[in-house]
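Peer 1:
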Amino acid sequence: MINFKKVTKIFYPKTVALKDLSMQIQPKEFVSIVGQSGAGKSTLIRVLTAEDKPDSGRVIVGGWDITDIKQSQVPILRRQIGVVYQDFKLLPKKTVFENVAFALEVCGISSRIIKNVIPQVLKIVGLKDKLDRYPHQLSGGEIQRAAIARALVHRPKILLADEPTGNLDSLNTKDIIDLLLKINEFGTTVMLVTHNKDVVNRIKKRVVLIDQGQIISDQEEGKYVL
Amino acid sequence: MLTSTFRVIKFAFQDFFRNFWLSFVTLTILILALFSINLLIVFSAVTREAITSIENKININIYFKPEIGEDQVQNVQKYLLGLDQVKDVQYVSKDQALESFKAKHQDNPKILESLAQIDNNPLGASLTIKAKSTAGYPIILADLKDPQYDNMIESKDFDDHKLVIDRIMGITSKVTTGVAAVALIFTLISILIIFNTIRMAIYTHREEINAMKLVGATNWFVRAPYLLQGIIFSVLALIITLIIFYPLLGFIQPYLGMILESKFNIVTYFNQNFAYIFGLELLAAIAINLISSYLAVNRYVKV
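As structure tokens, then:
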């Protein structure tokens, strides 16, 4: 599903974010990418969403080599990947419904379909009663769930979560991780980037440890040991 | 395509109303910019009218020798009316000149007594010449230096007024240049203010634009609502400016009439030039809004 082949990314002038990194993620896998701050974890997400371009190597997503992707094709790529961010990135002047609907509207989906689909997705994330709320009217956990709903609504095969629990308390963190696990059970490949060892150790899934842009360890049912 | 277009329109209006205070402030600044441009137009029109009013008061009187006949004077009048620089030439006959002279000096018995002692009318006919502009007078006078005319002329009163006319020409020329320079500066300032206002408004949306791009929106899907908003702002700003401006014009018109002592009506001036003035303002406002929106959004869609 996702294939990194000797990917290197250097930020000007000398910061090596990724160094000859090679990794494969299979369909329906749940992978936790762990490491300290500055290890290169978020750069992996940025490369997968074409926010950054690798300086060498290849990146293949669902059979599509996106290494040299054209600017005009970037929106198409992003519509096929769901991404959840630490800072949520919800549109503050749109309701929960409208935020989630936006992900379908950019694809040109009709309003009729949107009206049918959104309530179902919001039910999955536990926000069906909060359709008309604005982000500032929600708790941190609810906002993140709305962001997950937006990431899921167009049924992506891949869900990337970049420190999704970074701004949440432990209770909300548990809820979000449980939701991600549930999504994975439905068949979506999940790549969770986190530096929270408790989260990683609880879920007992594949763990890839990155340090200074390189993979240090890659274990099925691994643990994150500092 | 149609669905996307409707969505763009929906997003534009949604954003306008949901960011009401930002929209209000942006609109206010646009209105102030348009208002100041229109005030400048008023100032320019009034100045031009004042200059014309002064110029209309200037004329030259040509006094012919007493022995020159009416036919000859009227031939000169015909010739002058054929000149490009001449607006009007009024003929004053010898008899009219005499009556006018007596009326002018009616309180001076000595002059009237001296006049009574002369058998003949000592005064000649005269022509009062109005030029289309003050710059025309020297040309007219140069023409009249031709011996066939010069030999008939007793005197001209231009030389007496020459200094005043030269000064007026100098002042009006400087005022015209000054008004044009002020207009240009004001227009540039207004353009910069509008440009910056729109850029700042879009700056407050930078994180939203970022989020929209990351969710998979194309540049145009992100940009189009802001461009449309720019058009909405321009149209609304112009309408509100007109609503405020016209009553103000009606209020100041009586005072203008008193100052200028002419039939100039500033409301009529704007009505007659409505399509030109406000059409141009609308197009300019839309153009500036579109350009500034495009450039501002462009900074943040590069994700």
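Heads up: the sequence lines are chains A and B, in that order. With numbering that gives the first Met the number 0, the residue at position 108 of the first sequence is 107, and numbering never jumps. With numbering that gives the first Met the number 0, the residue at position 67 of the second sequence is 66, and numbering never jumps. By construction, the Cβ of each residue, glycine as well, lies at the ideal position given by its N, Cα and C atoms. Computed from a predicted structure; not experimentally measured.
#1: Give me the chain B residues within the contact set of A/K92, using Cβ-Cβ distance strictly less than 7 Å, ordered along the chain.
#2: Using a Cβ-Cβ cut-off of less than 8 Å, give me the residues of the segment 232-249 of chain B that come near chain A, in sequence order.
#3: Which residues in the same chain have their Cβ closer than 6 Å to the Cβ of B/K56, if we skip the five residues on either side of it in sequence?
#4: If you check the beta carbons only, do A/K4 and A/S21 fall under 8 Å apart?
#5: Identify each residue in the segment 282-299 of chain B for which the Cβ-Cβ distance to at least one residue of chain A is less than 7 Å, and report them in chain order.
#6: If you count every other CB in all the chains shown that lies within 10 Å of the CB of B/V163, and 16 or more means buried, which is it?
#7: Using the beta-carbon count (16 or more within 10 Å), is A/R144 buried or exposed?
#8: If we define contact as Cβ-Cβ less than 8 Å, is B/A11 a contact residue for chain A?
#9: Answer with buried or exposed for B/E280, where buried requires no fewer than 16 other C-beta atoms within 10 angstroms of its C-beta.
#10: Taking 8 Å as the CB-CB limit, is B/V7 close to chain A?
#11: Between A/Q85 and A/P163, is the Cβ-Cβ spacing less than 8 Å?
#12: Can you tell me which of the three DSSP states A/F29 falls into?
#13: Under 7 Å between beta-carbons, which chain A residues line up against B/T217? List them in chain order, please.
#14: Are A/T193 and A/S36 touching if we call contact CB-CB under 8 Å?
#15: For B/S261, which residues from the same chain have a beta carbon less than 6 Å from its beta carbon, with the 5 sequence-adjacent residues on both sides left out?
#16: Counting Cβ pairs closer than 8 Å, one from the segment 161-176 of chain A and one from the segment 9-17 of chain A, do we hit at least three?
#17: For A/V46, go through chain B and note every residue whose CB falls closer than 7 Å to its CB, in chain order.
#18: Can you name the residues of chain A whose CB is closer than 8 Å to the CB of B/T186?
#19: Answer with yes or no whether the minimum CB distance from A/A38 to chain B is below 8 Å.
#20: Beta-carbon of A/S109 versus every beta-carbon of chain B: anything under 8 Å?
#21: Which one of B/E66, B/I30 and B/F194 has the shortest CA to CA distance from B/N119?
#22: Report yes or no: is there a C-beta of chain A within less than 8 Å of the C-beta of B/E260?
#23: With DSSP as the reference, please indicate the residues paired to A/Q218 in a beta bridge.
#24: Tell me which residue opens and which closes the beta strand (DSSP E) that A/N171 is part of.
#25: When burial is assigned at 16 or more other CB atoms within 10 Å of the CB, is B/F23 buried or exposed?
#26: What is the DSSP secondary structure of B/I67, reduced to helix, strand or coil?
#27: Tell me whether B/F165 sits in a helix, a strand or coil according to DSSP, three-state version.
#28: Select from B/F250, B/L213, B/S43 and B/L26 the residue whose C-alpha is nearest the C-alpha of A/V82.
#29: Does B/T2 get closer than 8 Å to chain A when you measure Cβ to Cβ?
#30: Tell me the residue span of the beta strand (DSSP E) that contains B/Y90.
#31: Is the Cβ-Cβ distance between A/V95 and A/R57 less than 8 Å?
Peer 2: Once the coordinates are examined:
#1: In the first sequence, counting from the first residue as 1, residue 92 of chain A sits at position 93. Within 7 Å Cβ-Cβ: D14, R17 and N18.
#2: none
#3: One-based indexing of the second sequence puts residue 56 of chain B at position 57. Excluding residues within five positions, none has a Cβ falling inside 6 Å.
#4: Sequence index remark: in the first sequence, residue 4 of chain A carries index 5 (1-based). Sequence index remark: in the first sequence, residue 21 of chain A carries index 22 (1-based). A contact, by the Cβ cut-off of 8 Å.
#5: none
#6: Walking along the second sequence from the start, residue 163 of chain B turns up at place 164. Answer is exposed; the Cβ neighbour count stays below 16.
#7: Along the first sequence, one-based indexing puts residue 144 of chain A at 145. With 16 or more Cβ atoms within 10 Å of its Cβ, A/R144 is classed as buried.
#8: For the purposes of this step, residue 11 of chain B is taken as the residue at position 12 of the second sequence. So no, B/A11 is outside the interface.
#9: Sequence index remark: in the second sequence, residue 280 of chain B carries index 281 (1-based). Classification for B/E280: buried.
#10: The residue you call residue 7 of chain B lines up with position 8 of the second sequence. Answer no: the Cβ-Cβ gap between B/V7 and chain A never drops below 8 Å.
#11: The residue labelled residue 85 of chain A in the question sits at position 86 within the first sequence. The residue labelled residue 163 of chain A in the question sits at position 164 within the first sequence. A contact, by the Cβ cut-off of 8 Å.
#12: Your numbering for residue 29 of chain A matches position 30 in the first sequence. In this structure, A/F29 counts as strand in the three-state DSSP scheme.
#13: For the purposes of this step, residue 217 of chain B is identified with residue 218 of the second sequence, where counting begins at 1. Residues of chain A passing the Cβ test: P74.
#14: Along the first sequence, one-based indexing puts residue 193 of chain A at 194. Along the first sequence, one-based indexing puts residue 36 of chain A at 37. Not closer than 8 Å, so no.
#15: Counted from its first residue, the second sequence places residue 261 of chain B at position 262. Once the five neighbours on either side are set aside, the close Cβ partners of B/S261 are S52.
#16: no
#17: In the first sequence, residue 46 of chain A corresponds to position 47, counting from 1. By Cβ distance, chain B contributes nothing, its closest Cβ being about 14 Å from A/V46, past 7 Å.
#18: Counting from 1 along the second sequence, the entry for residue 186 of chain B is found at position 187. Going along chain A, no residue has its Cβ under 8 Å from B/T186, so there is no contact; the nearest lies around 34 Å.
#19: Position 39 of the first sequence holds residue 38 of chain A. Cβ-Cβ to chain B under 8 Å: no for A/A38.
#20: Taking the first sequence and counting its residues from 1, one reaches residue 109 of chain A at position 110. Judged by the 8 Å Cβ criterion, A/S109 is in contact with chain B.
#21: Here residue 119 of chain B corresponds to residue number 120 of the second sequence, with the count starting at 1. The residue with the shortest Cα to Cα distance from B/N119 is B/E66.
#22: In the second sequence, residue 260 of chain B corresponds to position 261, counting from 1. So, not an interface residue.
#23: Position 219 of the first sequence, counted from the first residue, corresponds to residue 218 of chain A. A/V206.
#24: The residue you call residue 171 of chain A lines up with position 172 of the first sequence. It is not in any beta strand (DSSP E) - A/N171 instead sits in the alpha helix (DSSP H) that spans S169 to E184.
#25: Within the second sequence, numbered from 1, the residue matching residue 23 of chain B stands at position 24. So B/F23 ends up on the exposed side.
#26: Residue 67 of chain B sits at position 68 when you count from the first residue of the second sequence. The answer is coil: DSSP assigns B/I67 none of H, G, I, E or B.
#27: Taking the first residue of the second sequence as 1, we reach residue 165 of chain B at position 166. It should be pointed out that residue 165 of chain B corresponds to Asp in this sequence rather than to Phe. B/D165: helix per DSSP, three-state reduction.
#28: Locating residue 82 of chain A in the first sequence gives position 83, counting from the first residue. The candidate whose alpha carbon is nearest that of A/V82 is B/L213.
#29: If you number the second sequence from 1, residue 2 of chain B lands on position 3. So yes, B/T2 belongs to the interface.
#30: Walking along the second sequence from the start, residue 90 of chain B turns up at place 91. V85 to V91 is the span of the beta strand (DSSP E), which, as asked, contains B/Y90.
#31: Along the first sequence, one-based indexing puts residue 95 of chain A at 96. Along the first sequence, one-based indexing puts residue 57 of chain A at 58. Their beta carbons are not under 8 Å apart, which means A/V95 does not touch A/R57 by this criterion.
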